[in-house]
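Undergrad: Numbering-wise (our numbering), the sequence shown opens with residue 37 and increments by one.
No residue lacks a Cβ here, since even glycine has one placed at the ideal position from N, Cα and C.
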Amino acid sequence: MGQKVSGIEKLLAPSLNRIEEELKIIHDEMNTVKAKIDETSNKITKIEDDNRRLANRIDKIGSGLPTEVQVSIDNINEMERHDRDEIDVLKRGIDVAQRRLAILEAKMKELGK
Numbered sequence: 037m038g039q040k041v042s043g044i045e046k047l048l049a050p051s052l053n054r055i056e057e058e059l060k061i062i063h064d065e066m067n068t069v070k071a072k073i074d075e076t077s078n079k080i081t082k083i084e085d086d087n088r089r090l091a092n093r094i095d096k097i098g099s100g101l102p103t104e105v106q107v108s109i110d111n112i113n114e115m116e117r118h119d120r121d122e123i124d125v126l127k128r129g130i131d132v133a134q135r136r137l138a139i140l141e142a143k144m145k146e147l148g149k
């Protein structure tokens, strides 16, 4: 016959199932955020590439830009660097959270045995 289940195991089983469901939802949300971050990162990379090409074209033409235009371009470049730094911080945060979730899941599985 099968093993007899203790009262505490009967009590914990629904809680563990709910926790596992919540963890799955958290994983899905983190993957969605990661995908959006990657998409944004790709867009920023494209913008940076376009900006470099534009800068090269302007340099080839040899016409100097007015100071206001150059200041605007510098501001855009600075915003891009700032956005990229923020994306990197978010990626590191998500990676840490995913590692912690994996550890938590492993500990929960140990408790469930």
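Taking the CB atoms as reference points, tell me whether Asn87 and Glu116 lie closer together than 9 Å.
TA: As a working note, residue 87 is residue 51 in the sequence shown. As a working note, residue 116 is residue 80 in the sequence shown. Their beta carbons are under 9 Å apart, which means Asn87 touches Glu116 by this criterion.
Undergrad: Under 8 Å by Cβ, that's how I've got Leu150 and Ile62 pegged, so tell me the actual separation to the nearest angstrom.
TA: Because residue 150 is not part of the residues shown, which for the chain are 37 to 149, the question remains open.
Undergrad: Using the C-alpha atoms, what's the distance from Lys70 back to Leu59?
TA: Within the sequence shown, residue 59 is the residue found at index 23, counting from 1. Within the sequence shown, residue 70 is the residue found at index 34, counting from 1. Rounded to the nearest angstrom, the two C-alpha atoms are 16 Å apart.
Undergrad: Please work out which residues of its chain come closer than 8 Å, Cβ to Cβ, to Asn113, disregarding the five sequence neighbours upstream and downstream, and give them in chain order.
TA: If you number the sequence shown from 1, residue 113 lands on position 77. Asn87, listed in sequence order.
Undergrad: What's the C-alpha gap between Arg120 and Thr81?
TA: Along the sequence shown, one-based indexing puts residue 120 at 84. Along the sequence shown, one-based indexing puts residue 81 at 45. Distance between the alpha carbons of Arg120 and Thr81: 9 Å.
Undergrad: Can you tell me the Cα-Cα spacing of Met144 and Val105, whole angstroms?
TA: The residue labelled residue 144 in the question sits at position 108 within the sequence shown. The residue labelled residue 105 in the question sits at position 69 within the sequence shown. One C-alpha to the other measures close to 58 Å.
Undergrad: Using 9 Å as the threshold, is the C-beta distance between Met6 and Ala133 below it?
TA: Beyond the ends of the chain as shown, which are 37 and 149, falls residue 6; an answer cannot be given.
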